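Shown next, in structure tokens, is the structure this report addresses.
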Amino acid sequence: MRIEVLKSKIHGAIITQANLQYIGSITIDETLMLAANLIEGEKVTVVNNNNGERLDTYVIKGEKNSGVVCLNGAAARKCQQGDKVIIMSYASMDFEEAKKFKPSIIFPNADNTI
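Using the numbering used here, read the sequence shown as starting at -9 and increasing by one per residue.
As structure tokens, then:
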């Protein structure tokens, strides 16, 4: 049996931009991506702590050490600059493997640094 488990989590990132005119996705500072074990194009769930919105999108690599966390396209309607979000990705794995798996979880500072 395979199950979905938490693979990566950025807990408490601050939205720095919401760009309605971009073609969709979430841009994340490369430093945060590396620390959370996320890759460009990976599917993520974004939860907005300020308004309760949840959405699925994919990651675009942002400039390293820029602190950028930007929701793009239609997703930009679900947040605004300054909102605190949780960004999560999941992995499918064997049940026994999942029992031993440890996700990568990071807690960025208010300026989206670690």
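Idealized CB from N, CA, C, for every residue including glycine.
No experiment lies behind these values; they were computed from the predicted model shown.
Where DSSP assigns a beta bridge to residue i, which residues make up the other side?
i: Q7; result: C60
i: K(-1); result: M78 and I95
Just the Cα atoms here: how many angstroms apart are residue i and residue j?
i: I16; j: I50; result: 6 Å
i: N62; j: K68; result: 10 Å
Check residue i in the structure and name its three-state DSSP category.
i: I(-7); result: strand
i: T17; result: strand
i: I104; result: coil
Pick from the options: whose alpha carbon is nearest that of residue i?
i: G57; options: K(-1), L(-4) and Q7; result: Q7
i: Q71; options: V59, A81, M(-9) and S79; result: V59
i: T21; options: A64, E53 and N40; result: E53
i: Y80; options: N99, P98 and I29; result: I29
i: G14; options: T47, D73, F85 and N27; result: T47
i: I104; options: E43, A3 and K33; result: A3
Please go through the stretch 19 to 89 and give each complete alpha helix (DSSP H) segment of 4 or more residues, from N-terminal end onward.
Look at the stretch 19 to 89 and you find these whole runs of alpha helix (DSSP H), each 4 residues long or longer: 20 to 26.
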